[in-house]
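Written below as structure tokens is the structure these notes are about.
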Amino acid sequence: MFDKMPEKDEFTWNTMIAAYANGGRFVEARQVFEETQSAYVGGLLRMCALKGLLSRGEQIHGYSIKTCFDMNVFVMTGLIDMYAKCKRIFEAECIFLIMSHGKNHVTWTAMINGYSQNGDALRAIRCFSSMHAEGIEANQYTFPGVLTSCAALSDIRFGVQIHSCIVNGGFDANVFVQSSLIDMYAKCGDLPKDAKNGKCLHCLVLKTDMRATSFMVEKDVISWTSLVTGCAHNGSYEEALKLFREMRMAEIKQDQIIIASVLSSCSELALLELGQQIHADFIKSGLDASLSVDNSLK
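Taking full-length UniProt numbering, I'd label the letters of the sequence shown as residues 1 to 298.
Laid out in structure tokens, this is it:
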């Protein structure tokens with residue numbers, strides 16, 4: 001019953017430890033205690049990673065070494081993620097390499113995303129390849145980092161292989177994976193001139209004639225932005241404006257990134273009046289000022 005509980009609070013953990021101790025099962029009691037401590041340390045590391053608290057994270061790292069939790073896979077994964085998000089990829093890599101065994105898909109994903117977030121796209125792809133060779137299955141949290149790296153290197157061939165893995169694994173309906181796929185194909189120059197009606201390479205992988213917008217099961221601002229900016233990036237300015245109109249009709253809230261792409265498209269097509277209207281709407285929306293939007297107005 002304890003193992004099947006989705007969430008365990010302090011009272012639950014303490015009750016379990018006391019039950020083992022009262023029953024004379026001291027080894028199990030210690031194991032549960034160590035689990036609670038590793039979960040606590042891991043939670044602190046996640047906070048440091050999200051807040052960019054490097055100094056505090058290093059203190060927790062020191063504490064985990066003193067208490068012998070530095071070999072716990074949950075804690076080590078938290079350390080990798082914390083150092084990577086704090087732009088200390090060398091330290092993250094060292095911890096990853098120290099783990100000679102016991103790496104799970106969460107550990108590999110933390111390292112892949114760490115490389116990707118720190119601009120080392122080639123190592124991110126190599127790390128994913130090693131993960132695959134080890135027989136560790138990727139998930140919806142792994143693929144966006146790899147696809148971002150493919151986009152950075154314009155590596156369409158590897159990107160198509162990743163897309164095949166996504167489809168085979170059943171992750172193609174995930175909105176974050178969808179957005180990363182669109183972004184990857186766009187930056188690799190594989191969006192067709194008519195992004196809605198033409199067959200592009202990722203459609204061939206799926207062996208279907210789906211439209212770019214219908215490919216997205218859940219259409220959020222990230223997915224729409226990836227598609228609109230992709231069209232603008234590849235010179236399909238009219239298509240970018242058509243998609244932006246559809247996005248507004250779907251009542252999807254716009255952001256600064258998509259506004260910058262749309263204004264650039266207006267500039268390329270010499271649509272001054274439309275650009276002014278979009279700029280006015282941007283000001284009325286109350287969105288914060290953006291350098292990318294300012295540059296698109298020049």
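For each residue, glycine too, the CB sits at the ideal point set by N, CA and C. Remember, it's a predicted structure, so these values are computed and weren't measured experimentally.
Taking C-beta atoms as the reference points, L45 and L79 count as a pair closer than 8 Å.
Separation of the CB atoms of I166 and S149 is rounded to 15 Å, and the pair is thereby denied contact status at 8 Å. In this structure S261 does not touch I222 by the C-beta definition: roughly 13 Å separates them, more than the 8 Å allowed. CA-CA distance, M99 to Q277, rounds to 56 Å. Of the residues assessed, F90 falls on the exposed side of the cut-off, its CB having fewer than 16 other CB atoms within 10 angstroms.
Closest in alpha carbon position to K85, among M131, A232, I65, G52, is G52. A straight line joining the alpha-carbon of N113 with that of A152 spans about 13 Å. In this structure, K187 places its C-beta atom within 8 Å of the C-beta atom of G230.
Out of C48, A240, E246, the CA that lies nearest to the CA of L269 is found in A240.
Taking each of K103, A133, R88 in turn and checking the Cα distance to Q117, the smallest one comes out for R88.
Pairing V73 with S64 gives a Cβ-Cβ distance that is not under 8 Å. Relative to Y115, the option among G135, D81, H105 whose CA is nearest is D81. Inside the region 22-109, DSSP marks no whole beta strand (DSSP E) run of 3 or more residues.
Per DSSP, T142 lies in no alpha helix (DSSP H) and is assigned neither H nor E. In this structure, L147 is the residue among F244, S267, G102, L147 with its C-alpha nearest to the C-alpha of G159. Selection Q140, H163, G145 evaluated against N174 yields Q140 as nearest (Cα-Cα). Note on geometry: alpha-carbon atoms of A121 and N234 lie some 21 Å from one another.
In chain order, S179, I182, D183 place their CB closer than 6 Å to the CB of S226, counting only its own chain and leaving out the 5 sequence neighbours on each side. When A39, M111, I252, M71 are compared, the shortest CA-CA separation from H101 is found for M71. In the assembly as shown, Q254 is a buried residue. Its beta-carbon has 16 or more other beta-carbons within 10 Å.
Taking the Cα positions, E58 is about 15 Å away from Y40. DSSP places N168 in the uninterrupted alpha helix (DSSP H) bounded by 156-169. For a cut-off of 8 Å, the C-beta gap from A138 to H163 is around 12 Å, too long to register as a contact. Excluding the 5 residues flanking it on each side, P144 has same chain C-beta neighbours closer than 7 Å at F176, V177, S180, in chain order. Within the same chain, D81, M82, K85 come within 6 Å of A49 by CB-CB distance, once the 5 residues on both sides are set aside.
CA-CA distance, I259 to M247, rounds to 12 Å. D281 and V228 have their C-alpha atoms spaced approximately 18 Å apart.
A residue is called buried once 16 or more other Cβ atoms fall within 10 Å of its Cβ, and M249, having fewer, is exposed.
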